[in-house]
Amino acid sequence: MSFKDRAAIIGVGETDYVRGADRSSAELMLEASRAAIADAGLRSSEIDGLVLPPVNISAEEIAANFGIEDLRYAATVQMGGASPTSTLQSAATALSHGIAQNILIPLGWLGYSAMRPKPGVRRESINVPAMRRAMVSYYVPYGAVAPAQMYSWIATRHMKTYGTRYEDMAAVAIACRKNAQKNDRALMKGRPLSLDQYMNARWISEPLRLYDCCLETDGACAVVLTSAERARDCPHRPVYIMGGAEGHPYPADDIAGRPDMLRVGLSYAAPKAFQMAGIEPADVDFLQIYDCFTYVVLLQIEALGLCKAGEGGAFVRDGRIELGGEFPLNTHGGLLSEAHLWGLNHVIEATRQLRGDAGERQVRDAEIGVVTGWGDFGDGSLVILRR
Amino acid sequence: MSEKTVRSPKPTPSPENRLDEEFWSHCADERLCFQVCASCETWRHLPRSFCAHCGSGDWIWKESSGLGRLYSWTVTHQPSLPQFLPDVPYIVAVIELNEGVRMVSHLRGVEPEKLEIDLPVTLEFERVSDAVALPMFRASLS
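Right, here's the structure in full:
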């Protein structure tokens, strides 16, 4: 029995997204969670399930704050940036089996302040357990510390194999930045990006330039899910989970040792999710793709099955991924131009699009959308959502 | 602050388990050794308890030829660790040894714009201290 169409997103909430928060990520997550629970038309104590990415708050602490006396389901998903999208799979499974009735998924961190805390604000760490051993034992002595460097190994291999162009990476950055101009929450609203600016920006680690890299931001957001039956009585139009899956590259804990470096977690996950949903990849009306770097968007477009391996660059040309194009990408601006909330902000944007609440960035007649997650050296997850 | 500028040293390998310790202790002797399955003779890296190919838990360490090819790379201009600033731009490479295993290292002796997949490379050790030597690679002369 799959969880197809058996669970729905009924509430979304966010804090402001900033550079330099004056509170802990735990406080931010509680605020965003309260907003999401209110959006769902629930009382905090009606939450009876918590599925967490590896964040700096425990399920127990959330339950104590919200008066949840009978916490029936608590789980943590360890997939780095792919965790939030993957939590929807865990939540949908628990809901479809009646293990819990109302599940909260929070995500918050100090992605900016962890490295530069404000005076008086406690410094917080970022958890990356799956990557730890390869990094400290085998990568760090060579000055390879940042995801921009490690994912560049994949990008270089892909570019040299398939001839992907810098202009194709730019198309991703520019599409996200254009969409951010229509989103008051986006940190890059008011700061448009041209191809010249992109090409003239400094290298971070080749083949990635400055605008290939996502933002570093502080903030929190949260979503609430319930069963499809209960979702009908909620204040907003429910957004149903048609399909979902997670996947891990092999071996997941060492990028260098992979027999095929271009086979990422999403390559394993996507066919399963589309099969569950009973649709073809091209049936989706928009793409909310995890965009920690422009290049991983191209890889994921291929892994989703929207085009063949090596054709991701050609796929994004000629405005095809911009609003008004065939496959609008990251309509909120993404991690590149809205804020870096580990892609739970992508889930929220997909929900708003499918509710018809996306304002001037609304994709017309949006009925089905896909959201992907990417993290921890290339773990992948996705959900296919419908109104 | 003191008058001298004290630059903190570059990070050295931080073994997380016994197998990592053995890998780096061979390197300290300037020998690049990898695990080879005692049953099916498959080479492997990172070090692991079991052979993913045949499942055997028996292995021996064998010394690599030190010859290989460039599998992929990144040219780092803005390092996260300030200790690497004097080295920029530096090439963090994924090297495929002739024995079939891959490892992360630095590649030297070639301009970034000349980099190509399968460029032949040769091992050389950089002595960091009595206890640490890092395997590095140099583009082979053609």
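First to last, the sequence lines map onto chains F and Y.
Residue 278 in numbering that gives the first Met the number 0 sits at position 279 of the first sequence; the count goes up by one each step and never skips.
Residue 64 in numbering that gives the first Met the number 0 sits at position 65 of the second sequence; the count goes up by one each step and never skips.
Don't be surprised by glycine CBs; every beta carbon is placed ideally from N, CA and C.
Environment of residue i [buried if 16+ CB atoms lie within 10 Å]
| i | result |
| --- | --- |
| F:I8 | buried |
| Y:A92 | buried |
| Y:C53 | exposed |
| F:D252 | buried |
| Y:N16 | exposed |
| F:H339 | buried |
| F:C220 | buried |
| Y:P85 | exposed |
| Y:C39 | exposed |
| F:Q148 | buried |
| F:H96 | exposed |
| Y:N97 | exposed |
| F:Q287 | buried |
| Y:G56 | exposed |
| F:N199 | exposed |
| Y:L114 | buried |
| F:I383 | buried |
| F:A418 | With chain F covering only 0 through 386, there is no way to say anything about residue 418 of chain F. |
| F:F473 | The structure shown has nothing for residue 473 of chain F, since chain F only spans 0 to 386. |
| Y:P8 | exposed |
| F:M28 | buried |
Cut-off 7 Å between Cβ atoms - residues of its own chain near residue i, not counting five sequence neighbours on either side
| i | result |
| --- | --- |
| F:K188 | A179, Q180, N182 |
| Y:G65 | L31, T121, L122 |
| F:A58 | L49, L51, L70, A73 |
| F:V263 | P248, L298, A302, G377, G379 |
| Y:T11 | V127, V131 |
| F:C291 | G80, P146, C213, L334, W373 |
| F:P280 | F273, L303, G304, L305 |
| Y:D117 | R68, L69 |
Contacting residues, own chain, Cβ-Cβ under 8 Å from residue i (five flanking each side not counted)
| i | result |
| --- | --- |
| F:Q274 | G242 |
| F:E366 | D284, L353, R385, R386 |
| Y:I59 | Q34, V35, A37 |
| Y:R101 | H44, Y70, V93, I94, E95 |
| F:L135 | For the sequence presented, residue 135 of chain F should be read as Val rather than Leu. Nothing meets the Cβ criterion. |
| F:R257 | P248, Y249, P250 |
Test item: CB-CB of residue i and residue j under 8 Å
| i | j | result |
| --- | --- | --- |
| F:G324 | F:A269 | no |
| F:G372 | F:S380 | yes |
| F:E123 | F:S32 | no |
| F:N101 | F:D15 | no |
| F:R397 | F:T216 | Nothing in the structure corresponds to residue 397 of chain F, since chain F is present only between 0 and 386. |
| F:P206 | F:T155 | yes |
| F:A113 | F:E337 | no |
| Y:L18 | F:P140 | no |
| Y:P88 | Y:H105 | no |
| Y:S79 | F:V144 | yes |
| F:K117 | F:D21 | yes |
| F:G99 | F:C233 | The amino acid occupying residue 99 of chain F in the given sequence is Ala; Gly does not appear at that position. No. |
| F:G142 | Y:F22 | no |
| F:F65 | F:S85 | no |
| F:E60 | F:I347 | no |
Residue i - containing beta strand (DSSP E), residue span
| i | result |
| --- | --- |
| Y:E105 | The question names Glu, yet the displayed sequence has His at residue 105 of chain Y. From DSSP, the beta strand (DSSP E) with Y:H105 extends over 101-107. |
| F:Y72 | 72-75 |
| F:S380 | 378-385 |
| Y:L133 | 132-138 |
| Y:P150 | In the structure as shown, chain Y starts at 0 and stops at 141, and residue 150 of chain Y therefore has no counterpart that could be examined. |
| Y:R68 | 66-75 |
| F:F314 | Element bounds for F:F314: not the beta strand (DSSP E) but the alpha helix (DSSP H), 311-314. |
| F:Q464 | Because chain F is modelled from 0 through 386, residue 464 of chain F falls outside the range shown and cannot be assessed. |
| F:V171 | From DSSP, F:V171 is part of no beta strand (DSSP E) but of the alpha helix (DSSP H) over 165-179. |
| Y:K61 | 58-62 |
Residues near residue i in its chain [Cβ-Cβ closer than 6 Å; skip 5 each side]
| i | result |
| --- | --- |
| F:A74 | V50, S89 |
| F:R351 | A357 |
| F:A308 | E301 |
| F:A230 | A7, I9, P237 |
| F:M260 | I153, R156 |
| Y:G99 | W42 |
Span of the alpha helix (DSSP H) around residue i
| i | result |
| --- | --- |
| F:G324 | No alpha helix (DSSP H) contains F:G324, which DSSP labels as neither H nor E. |
| Y:A92 | No alpha helix (DSSP H) contains Y:A92, which is instead part of the beta strand (DSSP E) from 89-96. |
| F:D159 | The residue you asked about is not Asp; residue 159 of chain F is Lys in the sequence shown. Looking at the DSSP string, the run of the alpha helix (DSSP H) that includes F:K159 is 146-161. |
| F:Q352 | 343-354 |
| Y:K113 | Counting along the chain, Y:K113 falls outside any alpha helix (DSSP H), and DSSP gives it neither H nor E. |
| F:T293 | 293-303 |
| F:F65 | 58-65 |
| F:Y239 | Where F:Y239 is concerned, there is no enclosing alpha helix (DSSP H), although the beta strand (DSSP E) it sits in stretches over 238-246. |
| F:S85 | 82-95 |
Checklist entry - Between the segment 204-221 of chain F and the segment 157-176 of chain F, are three or more C-beta pairs nearer than 8 Å? => result yes
Item to check | At least three beta-carbon pairs within less than 8 Å, the segment 220-228 of chain F to the segment 2-20 of chain F | outcome: yes
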